[in-house]
Amino acid sequence: MQFILRQGLLIILAIVFAVGYFFNFSMNLYADILWFTAMEYVSVLYTIVISNIGLRFVSFIFLFLFFIINLLITLRVIKFEKVFVEYNDQDVIPIREYFLKKFFNPKKLLLIYILISIFFAFLFSAITANQWLTVQAFLNLNEFGILDPVFNKDISFYVFTLPFYRLLYAILVSAVVGSGILVGLAYFLFTPRNQFNLKSKNFKLPQIHLSVIVALFFLLKAWSYKLSAFELLNSQRGVVSGAGYTDIVAQIPAFNILAILAVVLAVLIVISIFLKIYKIILGSVVLLVIGSIVLGSVFPVAVQRFRVEPNEFVREAPYIENSISFTRKAYNLTDIEARAFPVDQELTGESIENNRSTIDNIRLWDPRPLRQTFEQLQTLRLYYDFQDVDIDRYWIDGDYRQVMLSARELDQRQLQPQAQTWINQRFRYTHGYGVVMSAVNETTTEGLPYFLIKDFPPQPISTDLELSEPAIYFGELTTNNVIVDSNTTEFHYPSGDENVETNYAGTGGVPIDSFFKRLFFAIYHGDFRLILTSELSDNSKILYNRDINTMVQKIAPFLFFDPDPYIVISSGKLYWIRDAYTTSNMYPYSERYGNDFNYIRNSVKVVTDAYNGTTHFYISDETDPIINAYSDIFPDLFKSMEDMSQDLKQHIRYPAYYFGVQSNLLSLYHMQNPQVFYNREDAWTIPQEIFQGESQPMEPYYTIMQLPDETDPEYVLMLPFTPLNRANMVSWLAARSDGDNYGTLMLYQFTKEEHLFGPMQIEGRIDQDSEISEQLTLWDQRGSQVLRGNLLVIPIENSILYVEPIFLQAEQSKIPELRRVIVAYGDQIVMEETLELSLQAIFGERIPIDVEDVGDVGDVGDVEDENTDEQIIVGETASQLISRANQLFNEAIERQKAGDWNGYGNALEELEDVLNRLSNINENENQD
């Protein structure tokens, strides 16, 4: 009775577990079907689910059949009456006695076999979980058109075919090894001892059966050795990545010999069945183990120690050359156009004027302190937040300008505790609102950013920046689900003491148009108030999976996404653009980047509508075989770049992450001579810079500049290089982002004879300059924190300019203000209130000043020209002061309207100072 109860309980628990698993799976699947349908990518979901379930099902069926067939064979040798006699014998092993008592019945044993086969088939089939892409990529492979230098196979074999073979091998080994274990236990537990005696000279069915399984294992092991030989092209044990001298001369031949040995031994094991010689099986196992140790380990180590290490470069030179060549191909470094950059350092004031487009777009604002400033000045409510600051470029009133902008997102976690009600969180506070945009190089008189877009509703300075739909329902912080188009009006944005409200009119979301869907989402989200609430209307929709990180990962989990999406204004709407990459860790002879991959392409641009959530995947690199394979797998997912609107194309940029990966690899792999590479004679490194008093690697930075030998300014991403263990600068890399030049990489190299200061040397000179150091120390002592922004290296004509902004942050306000700009050129280094004043101080010529760039425009002083004994007086024109006076007057009026009486007084004081200087100029002109 107790046995029946225990069996019944186990059956009930198994049923409950199965039902729970199926219920949870069904809930998630249905939620995904609804979501993917709303996103118009349900075919992608079906492909993934069917591929995943299909692979698991096929592997399960194969394993089940393999297990059950082998177990059924054991029934042919089990003689129940003989086992019964043995069971009555006193000399019975206790574990056998237990199983004989419980399952000594043909029908019961057959049922047990079936259940065991199902269990182990389900267990071992788990190795295929989430391996659907391996199979699909193999079935849809595209060739690279490049052959490896060892086996002369196309790279697609290593990227697509070899992983599939390894998966297939794992399934087959699981079947053979699992069967061996199950069959061995069955024979041990349920057959008479005279039938299962491995030492017997008379082979019975158990010995024959197990011998065949061992032979199958040896055949699979032979295949594994062959696969391992191919995988050596990703070896990491030599001086470079890929197969080296030891691998080619020792390891690959060893694998080939072991493969042949395994096949021969498998044949001998089969022959031993007919010869009835048990020792052949045991000897085969021992021989293969010894061979694996000697040939697979000892021999290669000996070759490496005694033949390679005494003359390493000579032995490894051809393989170093392979690694250089294939690493450059894997990271797309082969298309870099290298040019000489002769430095003359002969810039003049006229040169500065001739490169005004470059000067006007030097990024003075650092994204890190600027984000703090945005949060202090433009969140305007506690529940708004700026996740990060993005850098982009726009045509504004006919000028090509670099800007910095950030999305104002709503973070429900920042609502006051009493406001975090269910209605507020689900129906009312549903979306962020607008963006803040500022110029990269302009400030107000207080050192704050000059806003190009600000406030509620968004107030742009130009019609080119107007927003017709500023609401952000899909963003980086929209991690919670909300219900829109309900009976509750949504909070839109604050306006004075009141709030402007709205109702969602977009296409995003899943309709809740039936009681069944109400019930489903109540269960799925664990929120049963959805059933009871009266806030739902017939048109209500639920927005879930609406943060852009989750969205793109769910749609295309096989892509690697850039960590930095950026917000874009296009045709009056807000869009998120995100770069996506195809990667592989199987590219032969290519060095790994970290432990992640050894091949990467920026093959996809993802665009998400911030209002509707509509997401499109555009193929940006049609030469990439991996993305072409994915496109064959998912024909409804990808679009051509030709389908992207022209306005959005103007905001496509070369991704900083991809550029950073390439820069890190280029620091070594620009050396294409094996001898130079081996000795690291010309190794580079990414320079360091100072931020908040700490040294850190310099980050790539965007700028608008006119490249050498080019006629027009363009948007580029650049980064300098310094020699390894030295601080001077030797080259700089630029990635072009505009028009037909998109994706072009330009490497500008200085000659060996030229010594240019590197970023850390400039940082050191700043610290050593007595006037600058004294001023920075003085500010620190007065309770303000000095923040040193990005040090930018700006190539102009055949010269290099260095620019570093200085921010002050008061302990009380926590608002970083741009107060000084340091400019270094040649042996000169100055710090003034603005970039223009610093340039004047260095070049000693009157440079027209953009009135929005400066606060106080004072006398810079006398600058001695190196070529004459005369002194050049740097002053101001009357027109400049008149413009400045008008600006200050308008600013004073705005601050008066806003009730900012402190700012109003400061503006009037500065206006008085400007008018006095203007009066002095008029008096001097009258005297003349």
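The numbers in my numbering rise by one with no breaks, and the one at position 5 of the sequence shown is 701. Just so you know, even glycine gets a beta-carbon here, dropped at the ideal spot from N, CA and C.
Measure the alpha-carbon distance for residue 1042 versus residue 1499 and round it to whole angstroms.
Whole-angstrom Cα-Cα distance: 17 Å.
Counting only runs of 3+ residues fully inside the segment 1374-1448, write out the beta strand (DSSP E) ranges in chain order.
Those beta strand (DSSP E) runs which fall completely within the segment 1374-1448 and span 3+ residues are 1384-1387, 1390-1393, 1397-1401, 1410-1419, 1427-1432, 1441-1445.
Beta-carbon within less than 6 Å of residue 1281's beta-carbon, same chain only, minus the 5 sequence neighbours each way: which residues are those?
The residues are 1293, 1294.
Count the other CB atoms, across all protein chains shown, that sit within 10 Å of the CB of residue 784; report buried if there are 16 or more and exposed otherwise.
Unreliable placement is indicated for residue 784, whose pLDDT of 49 sits below 50; the coordinate value is still reported in the next sentence. Residue 784 is exposed by the Cβ-count criterion.
Identify which residue in 1412, 1392, 1359, 1362 has its Cα closest to the Cα of residue 1347.
It is 1412 whose Cα lies nearest to the Cα of residue 1347.
Within its chain, find whatever has a CB closer than 7 Å to the CB of residue 1150; leave out the 5 residues flanking it on each side and keep chain order.
Counting only Cβ-Cβ distances below 7 Å, and skipping sequence neighbours, we find 1074, 1132.
Can you tell me which of the three DSSP states residue 1557 falls into?
For residue 1557, the pLDDT reaches just 32, beneath the cut-off of 50, and the residue's location in the model is therefore unreliable, although a value from the coordinates is still provided. It is a strand residue.
Apart from the five residues just before and just after residue 1450, which ones in its own chain have a Cβ nearer than 6 Å to its Cβ?
Here the set comprises 1039.
Is residue 1274 near residue 1170, with beta carbons less than 8 Å apart?
Contact: no.
If distances are taken between C-alpha atoms only, which option among 1223, 1179, 1193 comes closest to residue 1202?
Minimum Cα distance to residue 1202 is reached at 1179.
Beta strand (DSSP E) containing residue 1101: first to last residue?
Counting along the chain, the beta strand (DSSP E) containing residue 1101 begins and ends at 1095-1106.
Check whether the segment 1291-1310 touches the segment 1319-1329, counting contact only when three or more Cβ pairs, one atom from each stretch, lie closer than 8 Å.
Flag = yes, the segment 1291-1310 and the segment 1319-1329 touch.
Which class does residue 1034 belong to by DSSP, given the choice of helix, strand or coil?
The answer is strand: DSSP assigns residue 1034 an E or B state.
Between residue 816 and chain C, is any beta-carbon pair separated by less than 8 Å?
In summary, chain C is missing from the structure at hand, where a single protein chain is found.
Determine contact between the segment 1099-1108 and the segment 1062-1077, defined as no fewer than three beta-carbon pairs at a distance below 8 Å.
Yes, the segment 1099-1108 touches the segment 1062-1077.
Inspect the CB distances between the segment 1341-1355 and the segment 850-861 and report whether three or more fall short of 8 Å.
They do not touch, by the three-pair rule.
Can you tell me whether residue 1011 is buried or exposed, with buried defined as 16 or more other CB within 10 angstroms of its CB?
Burial call: buried.
What does residue 1195 pair with, by DSSP beta-bridge criteria?
Paired residue(s): 1190.
So for residue 900, helix, strand or coil by DSSP?
Three-state result, residue 900: coil.
Between the beta-carbon of residue 686 and the beta-carbon of residue 851, is there less than 8 Å?
The chain is shown only over 697 to 1624; residue 686 falls outside these bounds and no answer can be derived.
Closest to residue 1393 by C-alpha separation, out of 1383, 1400, 1401, would be which residue?
Considering only alpha carbons, the answer is 1383.
Please state whether the Cβ-Cβ distance between residue 1152 and residue 1096 is less than 8 Å.
No, these two residues do not count as a Cβ contact at 8 Å.
Out of curiosity, what's the CA-to-CA distance linking residue 1130 and residue 1303?
Whole-angstrom Cα-Cα distance: 18 Å.
Among residues of its own chain, excluding the 5 on either side of residue 1091, which ones have a beta-carbon nearer than 7 Å to its beta-carbon?
For residue 1091, where only same-chain residues beyond five positions count, the Cβ hits under 7 Å are 1160.
Taking the alpha-carbon positions, what's the residue 731 to residue 1206 distance?
Cα to Cα, the separation comes out at about 6 Å.
How many angstroms separate the CA atom of residue 935 from the CA atom of residue 1016?
About 8 Å.
Check for me: the beta strand (DSSP E) holding residue 1311 runs from which residue to which?
From DSSP, the beta strand (DSSP E) with residue 1311 extends over 1311-1315.
Whole angstroms are fine: how far does the CA of residue 1489 sit from the CA of residue 1410?
If I take the Cα positions, the gap works out to 16 Å.
What's the call for residue 717, buried or exposed, on a 16-neighbour Cβ count within 10 Å?
Flag for residue 717 reads exposed.
Just checking my contact of residue 879 with residue 807 at CB under 8 Å: how many whole Å lie between their CB atoms?
That belief does not hold up - the Cβ atoms of residue 879 and residue 807 are roughly 18 Å apart, past 8 Å.
Taking DSSP as the reference, what is the three-state secondary structure of residue 940?
The answer is coil: DSSP assigns residue 940 none of H, G, I, E or B.
Taking 8 Å as the threshold, find out whether the segment 1181-1200 comes into contact with the segment 1252-1261 through three or more Cβ pairs.
Segments in contact, no.
Considering residue 1069, what are the terminal residues of the alpha helix (DSSP H) in which it resides?
Segment 1063-1074, the alpha helix (DSSP H) holding residue 1069.
Would you call residue 883 buried or exposed, if buried means 16 or more other Cβ atoms sit within 10 Å of its Cβ?
Buried, since its Cβ has 16 or more Cβ neighbours within 10 Å.
How would you write the range of the beta strand (DSSP E) that residue 1492 sits in, first residue to last?
First-last of the beta strand (DSSP E) with residue 1492: 1488-1492.
Determine the DSSP secondary structure at residue 1082, reduced to helix, strand or coil.
DSSP places residue 1082 in strand when its eight states are reduced to three.
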